[in-house]
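Protein chains in written order, with the numbering used here: chain A, 1 to 101; chain L, 1 to 480. Beneath this line is the structure, given in structure tokens, with notes to follow.
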Amino acid sequence: MVSIVAKVSKEDLEMVAVLSRLEVPEQDKEKHLRQLDSFLQYVDNLSKVDTDQVEPLAHVLPIHNVFREDEVRPSLDRELALSNAPLKEDGYFKVPKILED
Amino acid sequence: MKYEAVIGLEIHSELKTNTKIFCGCATTFGAEQNTHVCPVCLGLPGVLPVVNRRVVEFAIKAGIALNCTINKFSKFDRKNYYYPDLPKNFQTSQYDLPIAEHGYVDIETEQGKKRIRITRIHMEEDAGKLVHSGTTIKDSAASNVDYNRTGVPLIEIVSEPDMSTPQEARAYMEKIKSILEYIDVSNCRMEEGNLRADLNISLRPAGTKELGTKAEMKNINSFKAVEDALTYEIERQEEILEDGGHIVQETRTWDPNRGVTLSMRTKETAQDYRYMPEPDLVPIITTDEEIEAYRKGLPELPDARQARLEEKFGLSSYDAGIITSSRDMAEYFDAVVAEGADPKLAANWMMGDLSKNLNSEGKEIKDSPVDAKRLGKMIQLIEKGTISSKIGKEVFKTMWESPDDPEKIIKDKGLVQITDTKEIEAIVDSVIAANPKPVADYKSGNKKAIGALVGQIMKQTRGKANPQLVNQLLAQKLDQ
Ligand SMILES: [Zn+2]
């Protein structure tokens, strides 16, 4: 099997950081690049396994069709639901500005 | 240069269940903010979602009704993105193994029937509702979030880019709505956001094959807005291309008040949803027998129903199309006919006075003050000649305002047919005397000439003379 891992670029790292809403200080980027790289190299060991005849796995347990009936159950008391929110207002969860101009 | 539009729709439809897709919270619309939430739909750590059986059932029914192949092995995936209306920071959706694929619907266009292919139908959860402090999302310093709608079950119906005009896009969405209503899986109340569409549109030089860069408009929730937003986008993109410019691939919002689309300019540089299988939910396996049972359980769908009305009752394709466009209307028609009314007359009255009155009062047919039973009875009175259709209009108007039966209205208002032989005889005599030409025509063998005399008599009695009696008396006197 061929390795599918190309070397992680600085752009990849920055993209992943943006997607994860993380700020990576410039001086730390080199270190994170090295770590990400070795992590991916390690995971890449899996690509050595011949999986041509193996169906992709959808779930680790051999179970399917677990359903519940469409019956209403009590919801949370609103005060309790909001109790961990850093900001709230009139029974709403309050969040900071969403879009930037 | 002449351009043609390439349009595809992603229609989101909320399913008509009592509870959310993965928890027992109620789905009732209009509840007080954050009163239909629980640890599961709020995405608190350590909770375990369990699929609502009815969601799968409804999604499969929709798949069959939209001519799709049902995937016998289907699973849920996580679609990762950050937005405050999504408490888990991912939406539970379906990626590579959606519940249904490869379907189609046929729509009517000016050029005739056109087939719009459906790529896929997948199940997913709805997001919460944001209430912005400013007038728009952009000038709001903060927003408030209501998670009642989070986890309400949706199906997303993705079309191929098979539409080329705003009218076709509208017709397609109307067809989808009609089918979902027929199979009773969604309320399709567009004003409540039950049914909304994301529109994808790009232009390309007419006759070419390569797709241009597309713009997307999200959450359009009326048929008019679908048409208007697309019409505006076609003009906007045409102008840019004409000037030698390039279309930017982006999401735009439709502002119905100003009649324009505007760029959203989010700070997200590129979307990458990093789909992964949802480990907390197990796969869904559906057997051929189950699919067959669902298929058998479906009601007659709009196309089949339209064909039936055309073949069985001889309705025009136009009339049958309108009557079957909504299930309520089609059922009303069937009920009028079941009452014993002539199908063509039933169609005429529904498309005429009934529709006119409903439209002018903004009412739905299911709230019609004149129910199918009374309309059916009235049409029969016309068929029997008890009243003329002109008097029928008067009776209909009265029925609209009162709960009385047509027979009672006719009696109370003195619209009762004249059955007094003496009274009609007198009129018959005077009409014969006053119309020598048709009388002579009739006597010389042109039996059709009697029609003119009947017309005169009906006119003089303001339609109240019993036509059978009139015909009988006339024939007697003329044949003497
Ligand atoms: Zn819940």
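C-beta atoms are modelled at their ideal positions from N, C-alpha and C, and glycine is treated no differently. Keep in mind the model is a prediction, meaning the values are calculated, not measured.
Check                                                                                                                              : Outcome
Beta-carbon spacing of A/Leu76, L/Val37 below 9 Å                                                                                  : yes
Top-ranked residue by Cα proximity to L/Phe29, from L/Leu15, L/Gln460, L/Glu156 and L/Arg78                                        : L/Leu15
Contacts around A/Leu87, its chain only, beta-carbon distance under 6 Å, and the 5 residues preceding and following it disregarded : Lys94
Short CB-CB distance (under 9 Å) between A/Arg34 and chain L                                                                       : no
Secondary structure of L/Lys267, DSSP reduced to three states                                                                      : Unreliable placement is indicated for L/Lys267, whose pLDDT of 46 sits below 50; no coordinate value is reported for it.
Buried/exposed call for L/Thr69, threshold 16 Cβ in 10 Å                                                                           : exposed
Distance cut-off 8 Å: A/Ser75 Cβ against heavy atoms of ligand 1                                                                   : yes
First and last residue of the uninterrupted beta strand (DSSP E) at L/Pro153                                                       : Pro153 to Ser159
Continuous beta strand (DSSP E) assignments of at least 3 residues falling wholly in the stretch 358-435 of chain L                : none
3-residue-minimum beta strand (DSSP E) runs that sit fully inside the stretch 212-273 of chain L, ordered along the chain          : 215-220, 250-255 and 260-263
Three-state secondary structure (DSSP) of L/Leu203                                                                                 : strand
8 Å Cβ cut-off: residues of chain A touching L/Gln91                                                                               : Those within 8 Å of L/Gln91 in chain A number zero; the least Cβ separation is about 15 Å.
CA-to-CA distance, L/Asn219 to L/Met190, given in whole angstroms                                                                  : 11 Å
Any non-hydrogen atom of ligand 1 within 8 Å of L/Cys41 CB                                                                         : yes
Alpha-carbon to alpha-carbon, L/Val105 and A/Leu36                                                                                 : 48 Å
Below-9 Å beta-carbon distance, L/Glu364 vs any chain A residue                                                                    : no
Boundaries (first-last residue) of the alpha helix (DSSP H) holding A/His32                                                        : Lys29 to Val43
Per-residue contacts from L/Cys38 into chain A (C-beta, under 9 Å)                                                                 : Arg73, Pro74, Ser75, Leu76 and Ala81
At least three beta-carbon pairs within less than 8 Å, the stretch 289-304 of chain L to the stretch 334-345 of chain L            : no
Under 9 Å from the C-beta of L/Glu32: neighbouring residues of chain A                                                             : Arg78 and Gly91
Residue-chain proximity (A/Phe67, chain L), Cβ-Cβ < 9 Å                                                                            : yes
Element boundaries [alpha helix (DSSP H), containing L/Met123]                                                                     : Premise fails: L/Met123 lies in the beta strand (DSSP E), Gly112 to Glu125, not in any alpha helix (DSSP H).
Contact the stretch 56-74 of chain L vs the stretch 270-284 of chain L: 3+ CB pairs below 8 Å                                      : yes
L/Arg117 versus L/Gly103: straight-line alpha-carbon distance, rounded                                                             : 6 Å
L/His246 beta carbon near ligand 1 (any heavy atom closer than 8 Å)                                                                : no
Where L/Asn348 falls: helix, strand or coil (DSSP)                                                                                 : helix
Limits of the alpha helix (DSSP H) - the one that L/Asn471 falls within                                                            : Pro467 to Asp479
L/Gln91, DSSP secondary structure in three states                                                                                  : strand
contact_flag[the stretch 107-121 of chain L, the stretch 170-185 of chain L] where n(CB pairs < 8 Å) is 3 or more                  : yes
Any chain A beta carbon closer than 9 Å to L/Gly321                                                                                : no
Classification of L/Pro299 by the beta-carbon crowding that lies within 10 angstroms, buried from 16 upward                        : exposed
Classification of L/Phe73 by the beta-carbon crowding that lies within 10 angstroms, buried from 16 upward                         : exposed
Rounded Cβ spacing between L/Leu354 and L/Ile382 (contact assumed at less than 8 Å)                                                : With 8 Å as the limit, L/Leu354 and L/Ile382 do not qualify as a contact, their Cβ atoms being about 14 Å apart.
Nearest candidate by alpha-carbon position, reference L/Ala293, set L/Ile64, L/Asn357 and L/Glu4                                   : L/Ile64
Rounded separation between L/Asp319 and L/Pro166 - CA only                                                                         : 23 Å
The stretch 35-61 of chain A: positions lying closer than 9 Å to chain D by Cβ                                                     : The chain labelled as chain D is not found among the protein chains of the depicted structure, namely A and L.
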